[in-house]
Structures are given as structure tokens and as C-alpha cells.
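Each remark here refers to the structure printed beneath this line.
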Amino acid sequence: EGFVKAAVDFFQGKPIDVVVSNAGINPMAGHTLDMSDDLFDKIMNVNVKSHWQLIKLCRPHLAPKASIILVSSVGGVQPAPPLGLYCISKTALVSLGRVLAQDMGQLDVRVNT
């Protein structure tokens with residue numbers, strides 16, 4: 191919340207034209223089903239939920255015809271087994287981008303991954 195407020199304040203309340211959301215972690219590699227629940231939650235929170243939260247916070251401040259870019263990974267479309275949870279999270283991010291593109295397209299806002 192503080193990040194978005196600081197940006198809005200810095201630009202003196204002018205609408206946001208572009209949002210680039212670039213967050214991702216992969217703290218561990220290995221067999222997907224051997225990973226702990228805590229690790230799963232950590233990866234999903236950073237790699238998916240943080241993007242969703244940022245866009246929610248920015249939405250009231252977006253300019254007409256604004257662009258949102260969610261930075262994903264090739265792992266989101268071509269999984270690599272030792273990075274299973276990371277790839278799953280990036281696939282979810284690609285899907286989030288597609289859903290938001292439809293939702294926000296009605297507001298004349300573009301969303302791409």
C-alpha cells in the first residue's frame with residue numbers, strides 16, 4: 191500500500207499510465223511433491239498474490255488506456271521439473287494476466303504478461 195501511495199504522491203495525483211509488476215522467487219529446487227506447504231505458500235504469495243495485490247491497489251489510480259505488464263517467465267509456459275513450484279506459480283501468473291486482460295479491457299486498460 192505504501193508503495194502505491196508514494197507513487198501517487200510523487201506524481202501529485204496524476205493517473206498512472208503504466209504498471210510493471212516484476213516479482214518472483216525460487217528459493218529451492220527439487221521434486222515438486224517433496225516441497226513443504228510453507229515453501230508452496232511463500233512462492234505463491236510472492237510470484238502470484240503480490241502481482242494481484244499491486245494491481246488491486248493501482249486500479250483506482252489508473253489512467254484511461256493504461257497498460258499493466260506482469261513479468262512472468264518461460265517457466266510459466268514450458269515447465270522445468272526441478273523448478274516445479276516456481277513454474278506452477280508463473281503459469282498461474284500468466285493465467286492471472288489473461289483474466290485481468292478480460293476484466294480490465296472493459297475499462298480500456300491493457301494487461302499483458
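For the sequence shown, counting from 1, position 36 maps to 226 in my numbering; every step adds exactly one.
Glycine included, C-beta positions come from ideal geometry on N, C-alpha and C.
Item, Value
"Short Cβ contact (9 Å threshold) for Gly295 with Leu283", "no"
"Leu223 beta carbon less than 9 Å from that of His241", "no"
"C-beta contact flag for Asp293 and Ser257 at 9 Å", "no"
"Straight-line gap, Val301 to Pro254 (C-alpha atoms, nearest Å)", "13 Å"
"Coarse secondary structure for Leu247, derived from DSSP in three states", "helix"
"Beta carbon of Met234 nearer than 9 Å to that of Leu275", "yes"
"Range of the contiguous alpha helix (DSSP H) that encloses Asp227", "227–234"
"Cβ-Cβ distance between Lys280 and Gly203 below 9 Å", "no"
"DSSP state of Asp207 mapped onto helix, strand, coil", "strand"
"Supposed close pair Pro217, Lys239 - CB separation, criterion 8 Å", "At roughly 16 Å, the Cβ-Cβ gap does not stay under 8 Å, so Pro217 and Lys239 are not in contact."
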